[in-house]
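Asker: Mind looking over this structure? Questions follow.
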Amino acid sequence: MKKIINFIEDQEKKLEDTFKEIQKVEFYNQKKILEAMQEERLASTDFHWTTGYGYGDVGRDKLEAIYARVFATEDALVRPNIVSGTHAISLALKSLAQVGTTILSITGPPYDTLQKVLGIQGEEKTSLSAKGIAYREVPLLEGGAINYEALKNPQLYENVSLVILQRSTGYSNRRAFTIQELERAIKQVKSMTSVPVFVDNCYGEFTETLEPSQIGADVLAGSLIKNPGGGLAYTGGYLVGKEDLIQWIASELTAPGIGKECGLTFGQTRTNLQGLFLAPQTVANCLKGMLLFSTCFEELGYTCVPSSQDPRSDIVQAIALKDKDKLLSFCRAIQATSPVDSHVTPYPWDMPGYEDPVIMAAGGFIEGSSIELSADGPLRAPYWVYLQGSLTYSHCKLALIKILEDFM
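Take 149 as the starting number for the sequence shown in the numbering used here and just add one per residue.
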């Protein structure tokens with residue numbers, strides 16, 4: 149044990165300057181969120197909630213106004229009946245893409261769960277493909293970079309009604325795209341076409357001082373049980389962007405003619421706002437923890453994405469373990485150091501929306517919360533483990549100690 153602790157502390161010393169930079173980003177985002185709440189005159193009475201259709205819920209409206217300010221957009225939709233990040237993204241795609249046209253991804257293939265939404269995997273009768281909306285993508289360059297040159301081809305945009313980008317890594321071997329990289333891509337797209345640009349912002353919120361909505365994206369989507377919920381949100385998702393586009397999406401969530409006017413909050417406004425307030429600090433803890441993991445595992449000879457030297461724009465750390473048993477061991481150690489269900493042993497299973505069996509370790513207070521420390525990975529070579537979250541840096545460090553018992 150002492151050998152492991154000394155090893156970790158030696159790696160921590162290398163990270164002092166980087167940790168200071170993370171704290172600067174945290175401070176900036178904390179100030180931004182605090183000022184948004186003050187400017188919207190958030191009051192204790194806003195935490196009351198209505199029943200039935202949710203008419204006149206001022207807290208719900210205040211929450212969405214605060215989200216719009218934080219992300220510098222015209223409007224926002226933040227609801228507990230958006231069940232996941234995939235649901236939020238699906239709502240955007242179904243609302244903004246037109247039948248008989250094509251959705252264009254310029255960041256390679258999307259996350260596994262979206263492939264059935266698009267209809268490029270499976271035979272779902274409610275997929276976009278089944279409804280007459282086609283899909284094509286621009287492959288990434290070797291090494292996982294956006295192919296900016298390909299975006300200059302006018303033929304690429306023929307019959308396209310929506311351009312999409314995925315900020316985070318997903319189950320891939322690339323790092324998240326930085327705001328600077330996304331901005332370059334979006335500017336190129338905007339010079340070629342006037343169709344809306346959508347960004348899957350999951351795992352990326354508050355990792356940098358700017359959000360994709362501030363560099364040209366028309367709509368963003370994400371999950372409240374990832375970064376912006378701060379570990380307190382029970383469920384839900386958000387979409388922010390241009391007012392007319394958000395209204396279209398709201399009508400897809402409820403019904404045409406109803407839009408944002410209805411929707412019960414089930415008393416979650418307080419925790420959603422408190423979670424948002426804590427989010428910058430929680431995200432900073434995540435970034436520090438993921439950076440420590442990458443530094444330690446690189447020292448042990450493993451490939452990490454992002455590397456300890458790469459810029460970070462999401463809270464995900466991928467490590468190529470190259471061995472099925474090591475993947476199982478890693479995830480089981482994460483589970484064993486969780487505050488909830490630490491006595492449970494995770495096994496791979498055929499998870500809905502995924503093509504390979506997936507092992508998931510997630511012993512959090514909110515089930516499925518990716519802002520709490522968790523790890524998962526599909527059972528396919530080279531056996532990448534995807535680590536994310538941690539409400540506190542110390543929890544990350546404790547989990548790392550447990551994992552390294554089987555790796556050192």
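Where a beta carbon is used, it is the ideal one built from N, C-alpha and C, also for glycine.
1. Let me know the secondary structure DSSP gives residue 451 once reduced to three states.
2. So, using beta-carbon positions, are residue 382 and residue 472 closer together than 8 Å?
3. With the cut-off set at 8 Å, would you say residue 240 and residue 464 are in Cβ contact?
4. Could you give the first and the last residue of the continuous alpha helix (DSSP H) run that contains residue 165?
5. Taking DSSP's pairing of strands, which residues face residue 369 in a bridge?
6. Is residue 373 near residue 224, with beta carbons less than 8 Å apart?
7. What span of residues does the alpha helix (DSSP H) with residue 199 cover, start to end?
8. From residue 192 to residue 200, what does the alpha carbon distance come to, in whole angstroms?
9. Is the number of C-beta pairs between the region 504–522 and the region 472–490 that are closer than 8 Å three or more?
10. Would you call residue 408 buried or exposed, if buried means 16 or more other Cβ atoms sit within 10 Å of its Cβ?
11. Who pairs with residue 535 in a beta bridge, going by DSSP?
12. Select from 441, 170, 480 and 229 the residue whose C-alpha is nearest the C-alpha of residue 491.
13. Between the alpha carbons of residue 523 and residue 396, how many angstroms are there, rounded?
14. Compute the distance between the beta-carbons of residue 283 and residue 237, then report whether it is under 8 Å.
15. With three or more C-beta pairs closer than 8 Å as the rule, is the region 339–347 touching the region 303–310?
16. Report, in whole angstroms, the separation of the C-beta atoms of residue 466 and residue 170, which I expect to be a contact under 8 Å.
17. What's the call for residue 348, buried or exposed, on a 16-neighbour Cβ count within 10 Å?
18. What does the alpha-carbon distance come out to for the pair residue 202 and residue 406?
19. Just to confirm the assignment, what range does the alpha helix (DSSP H) spanning residue 260 have?
20. Mind the definition here: the region 348–357 touches the region 183–190 only if three or more C-beta pairs lie below 8 Å; say whether that holds.
21. Need the endpoints of the beta strand (DSSP E) that residue 509 sits in, please.
22. Compare the Cα-Cα distances from residue 175 to each of 428, 300 and 326 and report the closest residue.
23. Given that a residue counts as buried once 16 or more other Cβ atoms are within 10 Å of its Cβ, and exposed if not, what is residue 423?
24. Beta strand (DSSP E) containing residue 460: first to last residue?
25. Looking at C-alpha atoms only, which residue of 179, 482, 539 and 447 is the closest neighbour of residue 556?
26. Residue 310 lies in the alpha helix (DSSP H); which residues open and close that run?
27. What is the rounded straight-line gap between the Cα of residue 206 and the Cα of residue 344?
28. Looking only at its own chain, which residues have a Cβ that is under 7 Å from the Cβ of residue 504, when we skip the five neighbours before and after it?
29. What would DSSP say about residue 250, mapped onto helix, strand or coil?
30. Determine, using beta carbons only, whether residue 361 and residue 255 come nearer to each other than 8 Å.
31. Taking buried to mean at least 16 other C-beta atoms within 10 Å of its own C-beta, is residue 274 buried or exposed?
32. Tell me the rounded alpha-carbon separation between residue 213 and residue 156.
33. Quick one: what's got a C-beta closer than 6 Å to residue 544's C-beta in the same chain, skipping five residues either side?
34. Output yes or no for whether 8 Å exceeds the beta carbon distance between residue 327 and residue 365.
35. Name the DSSP bridge partner or partners of residue 225?
Answerer: So, from the listed chains and residues:
1. DSSP, reduced to helix, strand and coil, places residue 451 within a strand of the structure shown.
2. No; because the gap between Cβ atoms is not below 8 Å, this pair is not in contact.
3. Judged by their CB atoms, residue 240 and residue 464 are not nearer to each other than the 8 Å cut-off.
4. Residues 164–187.
5. Answer is 348 and 387, bridged to residue 369.
6. With respect to the 8 Å criterion, residue 373 and residue 224 are not classified as neighbours on the basis of their beta carbons.
7. Here residue 199 belongs to no alpha helix (DSSP H), and DSSP marks it neither H nor E.
8. Per the coordinates, the alpha-carbon of residue 192 lies some 22 Å from the alpha-carbon of residue 200.
9. The region 504–522, when compared against the region 472–490, does touch it at the 8 Å Cβ threshold.
10. Of the residues assessed, residue 408 falls on the buried side of the cut-off, its CB having 16 or more other CB atoms within 10 angstroms.
11. The partner list for residue 535 (beta bridge, DSSP) reads 465 and 523.
12. For the residues 441, 170, 480 and 229, the minimum Cα distance to residue 491 belongs to 480.
13. Residue 523 and residue 396: Cα-Cα distance of roughly 35 Å.
14. When the beta-carbon positions are compared, residue 283 and residue 237 stay at least 8 Å from each other.
15. The region 303–310 vs the region 339–347: in contact.
16. Between residue 170 and residue 466 the Cβ distance is about 19 Å, and since that is not below 8 Å, they are no contact.
17. Residue 348 comes out buried.
18. Rounded to whole angstroms, residue 202 and residue 406 show a C-alpha spacing of 12 Å.
19. Going by DSSP, residue 260 is part of the alpha helix (DSSP H) stretching over 260–266.
20. Fewer than three Cβ pairs drawn from the region 348–357 and the region 183–190 lie within less than 8 Å of each other, which leaves the two stretches out of contact.
21. Boundaries of the beta strand (DSSP E) harbouring residue 509: 506–510, taken from the DSSP string.
22. Nearest option by C-alpha distance: 428.
23. Under this definition residue 423 is a buried residue.
24. Unbroken run through residue 460: none, as it is neither H nor E.
25. Comparing Cα positions, the closest option is 447.
26. First-last for residue 310: 308–314, but that is the beta strand (DSSP E), not the alpha helix (DSSP H).
27. If you take the alpha carbons of residue 206 and residue 344, they lie about 30 Å apart.
28. Setting aside the 5 residues that flank it on each side, residue 504 is surrounded in the same chain by 526, 527 and 528, each with a C-beta closer than 7 Å to its C-beta; the list follows chain order.
29. Here residue 250 carries a strand assignment [DSSP, helix/strand/coil].
30. No, these two residues do not count as a Cβ contact at 8 Å.
31. By the Cβ-count criterion, residue 274 is exposed, with fewer than 16 other Cβ atoms from all chains shown falling within 10 Å of its own Cβ.
32. So the two alpha carbons sit approximately 43 Å from each other.
33. Answer for residue 544: 437 and 538, listed in chain order.
34. No, these two residues do not count as a Cβ contact at 8 Å.
35. According to DSSP, residue 225 bridges with 387.
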